[in-house]
Each structure stands twice: as C-alpha cells, then as structure tokens.
Amino acid sequence: MRKILLLATLGLTATAFAQKFEGLALTPPMGWNSWNTFAANIDEQLIKGTADTMIANGMRDAGYVYIVVDDCWEAMERDANGNIVADPKKFPSGMKALGDYLHSKGFKFGIHNCAGTLTCGGYPGGRGHEFQDALKYAVWGVDFLKYDWCSHGTADARETYKTMRDAIHAAGRPMVFSLCEWGQNKPWEWAQDVGHLWRTTGDIMAGYDSRQRWESGWKLILDLQYSLVTNEGPNGIGQYAGPGHWNDPDMLEVGNKGLTLPESRAHFSLWCIIAAPLIAGNDVRSMSQEVHDILTNKDVIAIDQDSLGKQGWRFRAETGREIWVRELSGGAWAVCVLNTGATAADLTTDWSAMSILKGEYTVRDVWAKKDLGTTRTARTDHVESHDVVLFRLTPVK
Ligand code: GLA
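Numbering follows our numbering, in which position 313 of the sequence shown is assigned residue number 313; successive positions increment by one, without gaps.
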C-alpha cells in the first residue's frame with residue numbers, strides 16, 4: 001500500500017514537472033518562415049537579410065517577431081556524439097550566431113525539425129534524440145520549435161510530441177512549441193497542454209496547381225477546417241483554440257505567385273478571422289507595396305490578435321458568397337464577406353438577418369478605413385472576384 005502511495009506521489013510529481021511553458025502565445029504567434037518560398041534554398045544571408053528587411057519595412061514592429069528557419073538547415077549527419085549540426089555551407093557562422101543576430105535585432109529565433117527519424121527534406125530528425133536536441137536548441141537561443149511528422153513510423157503522435165514538450169521543459173528555455181502533424185491524430189483534442197499551436201491540415205499551396213485553380217490553395221485549406229469536427233459554427237474546430245493554444249491552418253501564402261491581390265487580401269482577412277498564427281511565407285525583400293500593406297495593416301492584424309482569443313467561423317455559405325464572423329473583445333464582431341464567384345458582384349449584407357448580433361453596432365470597413373454608419377441599415381458592397389469586405393462592428397453604447 002505504501003509503495004502504491006509512493007508511486008502515486010511520484011506520478012503526480014512527474015506530471016507537475018512535465019509541462020509546456022505557459023504564457024508564450026496568448027495571441028496567435030506572428031512571424032516569417034522560410035519554407036513557402038525558399039524550401040531548401042536557405043542560408044544565413046537569406047535569414048539575416050529577411051530580418052533586416054522586416055525592420056526597415058515595419059513588419060517587425062507590426063508584430064512579426066518569430067523568424068523561423070524551416071527544413072533543410074541541418075547537415076546530412078549528426079556528429080560523432082549524436083549532436084544535431086547545421087549545414088556548415090549554408091550556416092557557416094552556426095546557429096548560435098544566427099540566434100544572437102536575430103535577438104540583437106529584436107526578433108525571436110525559430111527552427112524546424114521533425115518528430116520522426118528524418119525530416120520531410122531527408123535531414124536528421126529528432127526521434128530518440130529529443131532531450132539532446134532540446135538542450136542544443138536552448139544553447140542556440142531558440143524561441144520557437146516547429147516539429148514535423150515525416151518518417152514517424154509506428155510512433156504514437158501524442159506520446160512523441162509529449163516527449164519533445166518534456167525535453168524542451170527540461171532544457172529550461174521557454175520555446176513556443178508548434179506541432180506540425182497535419183491534423184492526422186486530431187491534435188486539437190489533446191495538444192492544449194502539449195504545444196502552443198498545432199497544424200490542423202496538410203500543406204498549404206500558393207493557390208495554384210497544374211490547373212491554376214485558386215480552390216487548390218488557401219481556400220481549400222480553409223474549407224478543410226470544416227471536415228475536421230462535425231459541428232459547424234462556434235462549436236466547430238474553433239472551440240479548441242484559445243490563448244496559449246491555437247489551431248494552425250498553415251503559414252501565409254500572401255504575396256506568393258498564384259494569388260491575385262484580392263486573393264491575398266481575402267486569405268489574410270480570413271486567417272485573421274480564424275485566429276490563425278500569422279507566419280508570412282513570401283520573399284519580403286522583393287514584395288510589392290500592395291502586398292506589404294496587406295501584411296502590415298494594423299486594424300486587420302488587431303482582429304487576429306484580439307485579446308479575447310476566440311476563433312471565428314463560417315456563419316453562412318451560399319452560391320457566390322460566404323460570410324465569416326469572429327467575436328472580439330468588448331462585445332465587438334468582425335464580419336468578413338467573401339465573394340467566391342468568378343466575377344465581381346454586388347453583395348448585400350443585411351445585419352438584421354445575422355442572429356449573432358444583439359442590438360445596434362457602428363460599422364467600419366477595415367480595409368477601406370471608413371466608418372459606414374450603423375447596423376440599422378443593410379448595405380451593398382461591390383466586391384471583386386475572390387475579394388472580401390471586412391467589417392468591424394462595435395456596440396453602440
Ligand atoms: C512538411 C510541413 C511543411 C514544411 C515541410 C518541410 O511538409 O508541413 O510546413 O515544414 O514539411 O519539409
């Protein structure tokens with residue numbers, strides 16, 4: 001009996017110590033990641049140059065602070081002691097120096113690796129090396145770890161990601177832990193105390209496939225969110241998100257080849273409605289002014305970063321139009337009307353038909369930066385194909 005009690009006590013102690021670092025992602029993390037544009041073509045010049053640009057163009061100050069080096073930064077082999085090492089050609093100064101550089105410029109340092117034996121790019125993965133790797137990342141000054149799911153064999157996702165969570169905790173350096181297991185094992189049901197964000201779906205594409213269909217890009221990922229949990233509306237997948245633990249529909253394709261400007265604007269708006277992490281994935285060194293203005297729009301970002309931390313949902317889907325809503329702090333709402341049709345359309349928004357609204361609200365067109373009266377009157381907006389109108393509704397006192 002005493003033995004059982006002792007074990008129970010030890011068990012409780014172990015649980016108390018095995019935990020994620022809290023308070024790191026009270027709003028969805030924001031930053032930049034190398035994968036969507038550069039894939040394996042990365043090196044320290046690219047990362048540093050991106051950081052420098054993000055200071056000069058205001059992105060850092062708009063909130064994009066995590067700079068995440070995705071797959072293919074590693075040497076093909078671990079060293080003789082089993083340590084993970086950076087490719088000396090791509091990162092001749094080493095990862096500690098890169099982390100120091102980013103920190104000195106006011107950024108946080110993110111890195112990618114994998115819960116399996118190999119990363120998706122074929123580099124050494126973390127399986128069996130979790131505690132050793134977490135210590136190394138801590139020494140390098142890593143603040144954000146994206147952990148992938150390639151080559152996982154028969155591993156159990158929950159146990160594997162918990163092991164890495166415990167390894168990060170044991171290493172003693174707070175890191176945002178980003179689970180990238182593509183939603184295969186319903187991480188929304190178990191990852192709240194494992195990581196700070198979890199991918200819900202497979203990889204996003206820039207809105208183009210061999211047939212150049214926008215539906216194969218971010219819109220497909222958005223639609224897929226609805227096949228994950230049976231209930232639509234506020235009881236869908238969004239119920240699992242909140243401060244410190246977010247659904248991750250994948251990184252942004254804003255500004256990438258294959259999206260029109262309206263599509264980039266719509267993609268960004270809807271990622272803000274669903275409280276997605278805002279991880280830019282374009283070449284910020286060569287983007288147009290228009291793309292820059294989408295990524296740094298403070299009022300749109302404020303919707304994503306709203307302190308209430310409630311994920312929005314699709315309120316209505318009908319031919320040619322979808323209406324998405326998100327409850328914000330202070331009784332406010334964000335309402336996003338998306339033209340899904342192939343041509344421009346005049347879309348009427350009848351506030352009185354929206355059951356979620358209680359009383360009267362002032363209406364602001366967030367992208368146009370215009371106040372538009374109140375919800376007493378329905379309105380009609382001319383919306384380009386695949387574009388949105390994004391409203392912020394504030395209760396009239
Ligand atoms: C997986 C992830 C991507 C990216 C690549 C890198 O596909 O889902 O986001 O990290 O691996 O190989």
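Even glycine gets a Cβ: it sits at the ideal position worked out from N, Cα and C.
Using the Cβ count rule (16 or more neighbours within 10 Å means buried), how would you classify N339? buried
Three-pair Cβ contact test at 8 Å for the stretch 212-223 versus the stretch 185-197: no
Buried versus exposed call for V254 [16 or more other C-beta atoms within 10 Å across all chains shown]: buried
Inter-residue Cα distance where the pair is W149 and L357: 41 Å
Residues bridged to C114 (per DSSP): D148
K146 and S178: beta carbons closer than 7 Å? yes
Separation of L98 from E44, as counted between CA atoms: 7 Å
State the beta-bridge partners of N81 as determined by DSSP. Beta-bridge pairing links N81 to no other residue.
Mind checking which residues open and close the alpha helix (DSSP H) that includes G330? That residue, G330, is in no alpha helix (DSSP H); it is neither H nor E in DSSP.
Using a threshold of 6 Å, is the CB atom of W35 nearer than that to any non-hydrogen atom of ligand 1? yes
Please classify D346 as buried or exposed, where buried requires at least 16 other C-beta atoms within 10 Å of its C-beta. exposed
How big is the Cα-Cα spacing for A344 and F144? 41 Å
My output table needs one value for F414: the three-state DSSP class, helix, strand or coil. The structure shown does not extend to residue 414, since the chain is modelled only from 1 to 397, so the question has no answer here.
Based on the DSSP secondary-structure assignment, which residues constitute the bridge partners of F177? L145
So, helix, strand or coil for A16, using DSSP? Reliability of the predicted coordinates at A16 is poor, the pLDDT of 46 falling under 50, and no value is obtained from them.
DSSP on Q225, reduced to helix/strand/coil? helix
Roughly how many angstroms lie between the CA atoms of G110 and D52, to the nearest whole one? 16 Å
Anyone know if the C-beta pair for P28 and A275 falls short of 7 Å? yes
May I ask whether a heavy atom of ligand 1 can be found less than 6 Å away from the beta carbon of D248? no
Considering just the uninterrupted stretch of the alpha helix (DSSP H) at N36, what are its terminal residues? W35 to F38
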